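Engineer:
Protein chains: 6
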Amino acid sequence: MSTVKLVDEHTDDPKVRVVFEDIKATKKIDRVPNIWRALATHPEHLELCWTRLKAIMASGKVDALTKEIIALAVSATNGCNYCINSHTAAVQRLGLDNEGLGEVLAVVGLFNQMNKLADAYQVEPDILPTPR
Amino acid sequence: MSTVKLVDEHTDDPKVRVVFEDIKATKKIDRVPNIWRALATHPEHLELCWTRLKAIMASGKVDALTKEIIALAVSATNGCNYCINSHTAAVQRLGLDNEGLGEVLAVVGLFNQMNKLADAYQVEPDILPTPR
Amino acid sequence: MSTVKLVDEHTDDPKVRVVFEDIKATKKIDRVPNIWRALATHPEHLELCWTRLKAIMASGKVDALTKEIIALAVSATNGCNYCINSHTAAVQRLGLDNEGLGEVLAVVGLFNQMNKLADAYQVEPDILPTPR
Amino acid sequence: MSTVKLVDEHTDDPKVRVVFEDIKATKKIDRVPNIWRALATHPEHLELCWTRLKAIMASGKVDALTKEIIALAVSATNGCNYCINSHTAAVQRLGLDNEGLGEVLAVVGLFNQMNKLADAYQVEPDILPTPR
Amino acid sequence: MSTVKLVDEHTDDPKVRVVFEDIKATKKIDRVPNIWRALATHPEHLELCWTRLKAIMASGKVDALTKEIIALAVSATNGCNYCINSHTAAVQRLGLDNEGLGEVLAVVGLFNQMNKLADAYQVEPDILPTPR
Amino acid sequence: MSTVKLVDEHTDDPKVRVVFEDIKATKKIDRVPNIWRALATHPEHLELCWTRLKAIMASGKVDALTKEIIALAVSATNGCNYCINSHTAAVQRLGLDNEGLGEVLAVVGLFNQMNKLADAYQVEPDILPTPR
């Protein structure tokens, strides 16, 4: 159970109302997801989080599906159940099937393994990017 | 400094030679990267790691650049310096510029933040995938 | 469900009894929390853990509320459900309301993001403490 | 070495200039720290990060020293060298001496230990906050 | 609930059938555990994971109980509930009692604490292995 | 560089001297390792850490080499350079050669991968320990 009372979707708080409406309009949904209702217990922080997410997740050079794939990869690496569920749903909605999902998670598993091996052997970096 | 002596690129060990040649041929490089030389101190494990990585990183439904982006996202989340360097180099080689890299890392930073907030408020999952 | 049978609060084991009584007296509670009952399956380890926690969490230069805030920040960063719950309860009991909790968790989220960005760009430290 | 060229402190980019000036004015420093110069390779993301950090780190119900202590606790838990250095410097500037620092880090170490033990024994939460 | 439909234990898929039979024969069990049924949604990845695990977990210079202890230590450090449960069951089956389990987890807790303290104080390595 | 001045091995502080002598006697070394000199900036915390580590690392049902292997597994999973170095040195001193080290690290890598896959698919635990 959440540690705070989730703020009512039809709250009177004007700052929160504005954000709730923008979330639903942007994501084309008619409920406000729990995470935003929890963050709404501190309206200024809710606004900071939402405006930031909205800006970053908009399609740019990197498309929407790739951004959701990154979100899922990070969430799986961090073991966050809420986010694993919501971003798996997101990549499904954007067309990724079980085979594609399996490929994505195979890479996630592989690099969690490779990262730890590189650290464990204290390997010195030798493949370096070219700073631009 | 690595905790083991990196195995010589021109080693006599036949099992290791086979893997080293395959790494260079597959990645179209002429040096064997340090991580593989460290893993080579246990030839069977080297072979398991390389064959697995080769299979998983081959293009499939998810293309090569997206797979390298996932690798970078996982490595940044885990703070593995060796892998952050090598996968940043990889995405650069595949055409991602600073703007694209900034977009990718913005998503990585955003979800490291969102994951911890969802855990911190113990939010119950409500956006669920449809199991297929 | 816990992986071991939680030791009965009214156990006969003298070493465990001493610790259980001290926990209840120190924390001014009348039940022994589950974590201590699980640790009690190895009485020497229970004693090491409790004496250590009791010493470290006593007020010093850093006051009790700040120590519980640190505990919550660490637990949220690690995603430990047991500890997120118990330390949120603790900061509430010490007077932190939803606005204060929101501020604390905003900082937790922010630095989980900033940490990963600093690692991702492999930024060299330039703001250094003065070793004393 | 950073994976991107750090943007010059005296850059012509107007968006970046505005942020750099605000960083120096807010933190009362005359250099722009490396992390911001790396983020500046994506000016919109730089602006999002800075405006967010500025808002969250301003004193509120939780004072500035406590916020820097939280930042240090998170950074130590995540093992981020850049941030451990800069936030240790910050708490020093705000008056925390070695004894205070030792108390803070003792709590950080303690709960990294307690979190893993609670997870390891799969202990069910029993100390619950009162959702407000 | 899992994010994919667990593949039926009596599936027609020939690639999956082969792996399922080998899992049951190797582990001397008559059900296929959930993790393998989830991975089976991508048959090639299932095969890669299983063949790798089977090779690595076979007794070698390091015996079976020690390998399961390592698995439990990693899983507790990562907070993975599925794996904490299955590897606690495994070490039990191999003869570790509550006292032994308590000793193992005491070491896990201790080094999660010591790791963060070493990072927090940015201590320079001075106890170095002799690379061989 | 460490964030605090490492306390001199020949310090006058009586509480620290006692611990330093015990460390050298117990580990049969003639230098005090850096981590203990950093912790010594808060003498009570130094004493708590050392007495705890000494008790936990003493041979019990689980032998000394297995305990050092667990320490290395945790340190590699957490990416702590100081501890990876010192515990690799420790397992070497206790007789583990490159082949044994490779086996240990193969298990560490494997379960960092399996943990994330189990979380990523949100697999429900089905292999459960028998609570005793």
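Protein chains in written order, with the numbering used here: chain A, 12 to 143; chain B, 12 to 143; chain C, 12 to 143; chain D, 12 to 143; chain E, 12 to 143; chain F, 12 to 143. By construction, the Cβ of each residue, glycine as well, lies at the ideal position given by its N, Cα and C atoms. Predicted, not measured: the structure shown is a model, and the values here were computed from it.
Determine the direct distance from the alpha carbon of B:Thr-62 to that of A:Asp-137, and round the result to whole angstroms.
Structural biologist: 21 Å
Engineer: Does DSSP put F:Arg-42 in a helix, a strand or coil?
Structural biologist: coil
Engineer: With a threshold of 16 other CB atoms inside 10 Å of the CB of D:Met-12, please say whether the residue is buried or exposed.
Structural biologist: exposed
Engineer: State the DSSP-derived secondary structure class of C:Glu-135, mapped to helix, strand or coil.
Structural biologist: coil
Engineer: Going by DSSP in three states, E:Pro-54 sits in which element: helix, strand or coil?
Structural biologist: helix
Engineer: So which residues on chain C does D:Thr-99 lean against when the C-beta distance must stay under 7 Å?
Structural biologist: The contacting residues are Pro-140.
Engineer: Pick out the complete alpha helix (DSSP H) segments inside the region 64–131 of chain E, 4 residues or longer, and give them in chain order.
Structural biologist: 75–89, 92–104, 109–131
Engineer: Just to confirm my understanding: we take B:Val-118, look at its own chain, exclude 5 residues before and 5 after, and list those with CB closer than 8 Å. What are they?
Structural biologist: Ala-84
Engineer: Compute the Euclidean distance between the alpha carbons of F:Pro-54 and F:Lys-26, then round it to the nearest angstrom.
Structural biologist: 7 Å
Engineer: For a contact defined as C-beta to C-beta under 8 Å, what are the partners of F:Ala-117 on chain B?
Structural biologist: His-53, His-56, Leu-59
Engineer: By Cβ distance below 6 Å, which residues in the same chain neighbour F:Glu-58 in space, the five residues on each side in sequence not counted?
Structural biologist: Val-30
Engineer: Under 8 Å between the Cβ atoms of A:Arg-28 and A:Thr-22?
Structural biologist: yes
Engineer: Which residue's Cα is closest to the Cα of D:Ala-75: D:Pro-44, D:Val-115, D:Glu-114, D:Ala-101?
Structural biologist: D:Ala-101
Engineer: For the region 81–99 of chain F against the region 120–133 of chain A, do three or more pairs of beta-carbon atoms, one drawn from each stretch, fall closer than 8 Å, so that the two count as touching?
Structural biologist: yes
Engineer: For F:Gln-122 versus E:Ala-51, is the C-beta distance shorter than 8 Å?
Structural biologist: Sequence inspection shows Phe at residue 122 of chain F; the Gln mentioned does not correspond to that position. Taking a C-beta distance under 8 Å as the contact criterion, F:Phe-122 and E:Ala-51 do not qualify as a contact pair.
Engineer: Distance check for C:Ile-95 and A:Ile-95, CA to CA, integer angstroms please.
Structural biologist: 19 Å
Engineer: Judging by CA-CA distance, which residue of E:Glu-114, E:Arg-104, E:Asp-41 is the nearest neighbour of F:Lys-72?
Structural biologist: E:Glu-114
Engineer: For E:Val-134 and E:Val-43, what's the separation of their Cα atoms in angstroms?
Structural biologist: 46 Å
Engineer: Specify the secondary structure class of B:Thr-37 as computed by DSSP and reduced to three states.
Structural biologist: helix
Engineer: Report yes or no: is there a C-beta of chain C within less than 8 Å of the C-beta of D:Arg-143?
Structural biologist: yes
Engineer: With a cut-off of 8 Å on the beta carbons, I'd call D:Glu-79 and D:His-98 a contact; round off their distance for me.
Structural biologist: 6 Å
Engineer: Helix, strand or coil: how does DSSP classify D:Lys-16 here?
Structural biologist: coil
Engineer: Which residue from E:His-56, E:Lys-65, E:Leu-64 puts its Cα closest to that of B:Ala-66?
Structural biologist: It is E:His-56 whose Cα lies nearest to the Cα of B:Ala-66.
Engineer: Return no unless some Cβ of chain E is closer than 8 Å to the Cβ of C:Val-43.
Structural biologist: no
Engineer: Count the other CB atoms, across all protein chains shown, that sit within 10 Å of the CB of C:Ala-69; report buried if there are 16 or more and exposed otherwise.
Structural biologist: Label assigned to C:Ala-69: exposed.
Engineer: Which residues in chain A sit within 8 Å of D:Ser-13, going by Cβ to Cβ distance?
Structural biologist: Pro-142
Engineer: Less than 6 Å between C-beta atoms, sequence neighbours within five positions excluded: which residues of the same chain meet that for C:Arg-48?
Structural biologist: Excluding positions up to five away in sequence, the list reads Leu-17, Val-18.
Engineer: Given a cut-off of 8 Å on the beta-carbon distance, is the pair D:Thr-14 and A:Pro-142 in contact?
Structural biologist: yes
Engineer: Could you tell me whether any Cβ in chain C is nearer than 8 Å to the Cβ of A:Asn-123?
Structural biologist: no
Engineer: For A:Ile-34, does the count of other Cβ atoms within 10 angstroms reach 16, so buried, or fall short, so exposed?
Structural biologist: buried
Engineer: Does the beta carbon of B:Leu-128 come closer than 8 Å to any beta carbon on chain C?
Structural biologist: yes
Engineer: Check this for me: beta carbons of B:Tyr-93 and B:Ile-40, under 8 Å apart or not?
Structural biologist: no
Engineer: Which residues of chain B have a Cβ atom closer than 8 Å to the Cβ of C:Thr-88, listed in chain order?
Structural biologist: Lys-127
Engineer: Measuring alpha carbon to alpha carbon, tell me which of E:Cys-91, E:Cys-60, E:Pro-140 ends up nearest D:Tyr-132.
Structural biologist: A check of alpha carbon separations from D:Tyr-132 across E:Cys-91, E:Cys-60, E:Pro-140 identifies E:Cys-91 as the nearest.
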